Amino acid sequence: MNRRFYLLFGLILIVIVASLFQLKHQVVKLERNLIVNQSLIQKEKESLKVLKAEWSYLTNPSRIEILSENFLDLRVLNIKQIGDIEKIPFFIEKNGEKN
Amino acid sequence: MVKKINKMIKNIIENSNKDNEKNLIDLSQVRLVVIFGIFSILFISLFLRSVDLILLNQTPKNNFSSSNSIINEKNRADIFDRNNMLLATNVNSASIYAKPAEIINKTEASIKLASVLNNQNFSDIEKKLTSGKSFIWIKRQVSPKEHFEVNKLGIPGIKFQEELKRIFPQESLFAHVIGSVGVDNQGLSGVEKKLNKRLLDSTKSIFLTVDTRVQHALRQELYLSMKKFNAIGAAGVVMNVNSGEIIGLVSLPDFNPNIKIKPSDDAAFSRVTLGSYEMGSTFKPFTVAAALENKVISLKDGYDATKPLKVSRFIIRDDHPKERWLSVPEIFKYSSNIGMAQMAKDLGVEKQKELLKKLGILDRSKVELSEVGKPIIPRTWREINSMTISYGHGIAVNLLQVANAYAILVNGGKKITPTILLNNDNESNGYVNNERVISEETSKKIRGLLRLTVKSGTAKKADRIGYEIGGKTGTAEKPTKGGYQKDSIITSFIGVFPMDRPSYVIAIMLDEPKGIKETHFYRSAGWTAAPTVGNIIERVGPLLDVMPTKTKNYWKNFEATYISVKSNE
């Protein structure tokens, strides 16, 4: 009885110790992963900052103006071109309402 | 006998053995205790250490990531415009340093370094390397390309340190708003200097009231005018008349804040906020407003402007002489100094001073920029000062102050203070909108007079189809020691639009414009500054969400109320 109890106790101890070590190793592994990922995130953040700065640089109005002049068939907006939406005659819609 | 002896010996041995045995047991017990003691000490220390590691020692041991995160630590906050356009940020950049003791061939190293670094020559580098110091900077904050090239050279003793570099992606566009930052992360001018502490303490981004698109239009139009009239400088500001928010602020010539310049350089000087100038006729509305507000005159009154006015040793002349009696609206639209001087005399020194004070003309502007000049005002304010100040001479202020004063005159008379920070919910904003400087009625009249000047006065060239623009021109000779220079002038135009519901004031100034063939060699504000503002309004009106109108409602009402009696021109 007594001996069996000790045997069982010993067995449980071995299992617990073994699983604890297993857990510990997993934690260490995860932590290493975490560190790697954190540094990757950091790197991404830094490159995001650089990209944002580059975006701001590339979209600066004088550059856009030059690009638009060279590649687009657009002209500078004239004040005369701005009007009220009510003044546009939407014939089709009105007909639809009547029907 | 022998047996007896034998037995005795046996006994003795047995006894001694028994003694020995007892001794042995004692000894082993001591050993056991010692060993047990040692081991228990070891185990207790192991236990304590494990408790320490598991429960008490909470600091993460990831040195790898923390060494990489300088960008989060001593960071300057980013700066954005009102539409989330990035105006200033930090990026990692390498600085090159050398430990001369580790360099084998210093001359060769200098030649190699000079060949890949921009703006560095061989002899300077060699001088540094042979100076005998143990640590020297070769170049701070190099470009990624230079970093790569130097790394490729692989000279022993040449090393890199990661540093943060402040960069301004919009380059010179916001030179006089944002300013620049030195290599040691300290603001040198503009917002960067004024808010240096705030930018370093908190990583929360700062949003400015400026609009990149408006700023660009303003800068480009000013630049074109500056080149066209061969001026040495230009300045302009766009401001919301109801909130005091500065939408655009440009001073030319400007500089690229990514590249170091000397503070003494002309490009570093802000003509908008730092330079104080005699503004000339753009000052006239202030005295007219004070006179109308205090009921000294009405719009139907007038003054005799037939001949130059002689006051003690001064003679006051008109730039556009009409040589007849002029009504107040006429004095305004023809910009008559003679009429204004008489009006100032009737108004009195105190009342004129009081309004100028309330308009913020007499005090240093509180805008959040580091370069803000103090206005130059006469020490003793006599009647003659009051008369010259009525047409903008004998007092020097900066352009931003004038823009702010105009904003108050046209917004219905509510006091505002210029600001560059968006959502600036400090306590001042609350009472600002309640404090009244002039009455609604006076504000309406001033609006009418400003419109009149653009419609049929000195500023006709600012008029544009679509927007009802009002404004006042100013042409002033630059003062020198004991007098004025005839050949160098400052022209300015303060425009307001739209007149029926004023939203924005656009103030510009050209420094020493010259007459050109297109303007029949005239160089006054009506020919140089006024059309520039017209062009700017045409471009920025739609951007600022101001709906163009085809009717001239405001003007019609004004004319019917005030002018019809005297439109015998």
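In the order they appear, the protein sequences are chains A and B.
Residue numbers are given in my numbering: position 65 of the first sequence equals residue 426, and the series is strictly consecutive.
Residue numbers are given in my numbering: position 319 of the second sequence equals residue 1497, and the series is strictly consecutive.
We put the CB at the ideal spot given by N, CA and C, even for glycine.
Note that the coordinates shown come from a computational prediction; the quantities given were computed from them, not determined experimentally.
**Request:** Alpha carbon to alpha carbon, how far is leucine 1220(B) from isoleucine 377(A)? Give it in angstroms, no decimals.
**Result:** 23 angstroms
**Asked** How about leucine 1264(B) and alanine 414(A): are their beta carbons less than 8 angstroms apart?
**Response** yes
**Request:** To the nearest angstrom, report how far apart valine 1575(B) and alanine 1519(B) are at their CA atoms.
**Result:** 20 angstroms
**Item:** Alpha-carbon spacing of leucine 1600(B) relative to glutamate 1423(B), whole angstroms
**Value:** Rounded to whole angstroms, leucine 1600(B) to glutamate 1423(B) spans 8 angstroms at the Cα level.
**Message:** So, with DSSP's three-state summary, where would you put tryptophan 1315(B)?
**Reply:** strand
**Request:** Would you identify the three-state DSSP class for asparagine 1418(B), choosing helix, strand or coil?
**Result:** strand
**Message:** So if I threshold CB-CB distances at 7 angstroms, which residues from the segment 1396-1410 of chain B count as touching chain A?
**Reply:** none
**Request:** With 7 angstroms as the C-beta to C-beta threshold (strictly closer), list the residues of the segment 409-430 of chain A near chain B in chain order.
**Result:** Lys410, Val411, Lys413, Ala414, Ser417, Tyr418, Asn421, Pro422, Ser423
**Item:** Residue from Arg1344(B), Asn1193(B), Gly1517(B), Ala1279(B) with nearest C-alpha to leucine 1477(B)
**Value:** Gly1517(B)
**Request:** Select from Lys1592(B), Lys1656(B), Met1677(B) the residue whose C-alpha is nearest the C-alpha of glycine 1626(B).
**Result:** Met1677(B)
**Request:** Measure the Cβ-Cβ separation of tyrosine 1645(B) and methionine 1417(B) and say whether it is below 8 angstroms.
**Result:** no
**Request:** Using a Cβ cut-off of 8 angstroms (strictly closer), state whether leucine 374(A) contacts chain B.
**Result:** no
**Prompt:** If tyrosine 1569(B) and glycine 1458(B) are in contact, beta carbons under 8 angstroms, what's the gap, nearest whole angstrom?
**Reply:** 7 angstroms
**Message:** Between asparagine 1246(B) and chain A, is any beta-carbon pair separated by less than 8 angstroms?
**Reply:** With a pLDDT of only 45 at asparagine 1246(B), under the threshold of 50, the placement of this residue in the model should not be trusted; the figure read from the coordinates follows. At least one chain A Cβ lies under 8 angstroms of asparagine 1246(B).
**Asked** At least one CB of chain A closer than 8 angstroms to the CB of glycine 1570(B): is that the case?
**Response** no
**Item:** Cβ-based neighbour list, glutamate 1716(B), same chain, cut-off 6 angstroms, excluding 5 preceding and 5 following
**Value:** Arg1642
**Item:** Reference lysine 1306(B), options Leu1378(B), Leu1291(B), Gln1319(B), closest by Cα
**Value:** The shortest Cα separation from lysine 1306(B) among Leu1378(B), Leu1291(B), Gln1319(B) belongs to Leu1291(B).
**Asked** Applying a beta-carbon distance threshold of less than 7 angstroms, which residues of chain A neighbour phenylalanine 1286(B)?
**Response** The amino acid occupying residue 1286(B) in the given sequence is glutamate; phenylalanine does not appear at that position. Going along chain A, no residue has its Cβ under 7 angstroms from glutamate 1286(B), so there is no contact; the nearest lies around 34 angstroms.
**Exposure label - serine 1543(B); buried when at least 16 CB within 10 Å** = buried
**Item:** Near-chain A residues of the segment 1427-1445 of chain B - C-beta to any C-beta below 8 angstroms
**Value:** none
**Item:** Segment contact flag, the segment 1352-1370 of chain B with the segment 1544-1563 of chain B, C-beta cutoff 8 angstroms, min 3 pairs
**Value:** yes
**Prompt:** In angstroms, rounded to a whole number, what distance separates the CA positions of histidine 386(A) and valine 1269(B)?
**Reply:** 38 angstroms
**Prompt:** Applying the criterion that 16 or more other CB atoms from any shown protein chain within 10 Å of the CB defines a buried residue, is proline 1322(B) buried or exposed?
**Reply:** Per the 10 Å Cβ criterion, exposed.
**Message:** Let's test the definition: count the other Cβ atoms within 10 Å of the Cβ of glutamate 1605(B) and tell me whether it reaches 16, buried, or not, exposed.
**Reply:** The pLDDT assigned to glutamate 1605(B) is 46, lower than 50, so where the model puts this residue is not dependable; a value taken from the coordinates is nonetheless given after this. Burial call: exposed.
**Item:** Given 8 angstroms, three or more beta-carbon pairs between the segment 1428-1444 of chain B and the segment 1350-1359 of chain B
**Value:** yes
**Message:** Does glycine 1480(B) pass the burial test, meaning 16 or more other C-beta atoms within 10 Å, or should it be called exposed?
**Reply:** The residue in question, glycine 1480(B), is buried, as its Cβ has 16 or more Cβ neighbours within 10 Å.
**Prompt:** Out of Glu1618(B), Pro1691(B), Trp1559(B), Leu1540(B), which has the shortest C-alpha to C-alpha gap to asparagine 1582(B)?
**Reply:** Leu1540(B)
**Prompt:** Any contact of the segment 1379-1387 of chain B with the segment 1662-1670 of chain B, i.e. 3+ C-beta pairs under 8 angstroms?
**Reply:** With a cut-off of 8 angstroms on Cβ pairs, the segment 1379-1387 of chain B is not in contact with the segment 1662-1670 of chain B, counting fewer than three such pairs.
**Request:** Assign proline 1726(B) to buried or exposed, taking buried as 16 or more other Cβ atoms, counted over all protein chains shown, within 10 Å of its Cβ.
**Result:** buried
**Message:** What does the Cβ neighbour count give for serine 1245(B), buried or exposed, with the cut at 16 atoms within 10 Å?
**Reply:** Its pLDDT being 44, under 50, serine 1245(B) is placed unreliably by the model, and nothing is read from it.
**Request:** Using a cut-off of 7 angstroms between C-beta atoms, extract the partners of glycine 1357(B) located in chain D.
**Result:** Within the model displayed, chain D is absent; protein chains A and B are what it includes.
**Prompt:** Which residues does DSSP pair with lysine 1343(B) in a beta bridge?
**Reply:** Val1269(B)
**Prompt:** Just checking my contact of threonine 1653(B) with aspartate 1497(B) at CB under 8 angstroms: how many whole Å lie between their CB atoms?
**Reply:** 7 angstroms
**Request:** Go through its chain and collect everything with a Cβ distance to threonine 1566(B)'s Cβ below 6 angstroms, but skip five positions before and after it.
**Result:** Gly1572
**Separation of serine 1358(B) from asparagine 1374(B), as counted between CA atoms** = 11 angstroms
**Message:** Taking the alpha-carbon of glutamate 1304(B) as reference, which of Lys1638(B), Asn1283(B), Lys1196(B) has the nearest alpha-carbon?
**Reply:** Asn1283(B)
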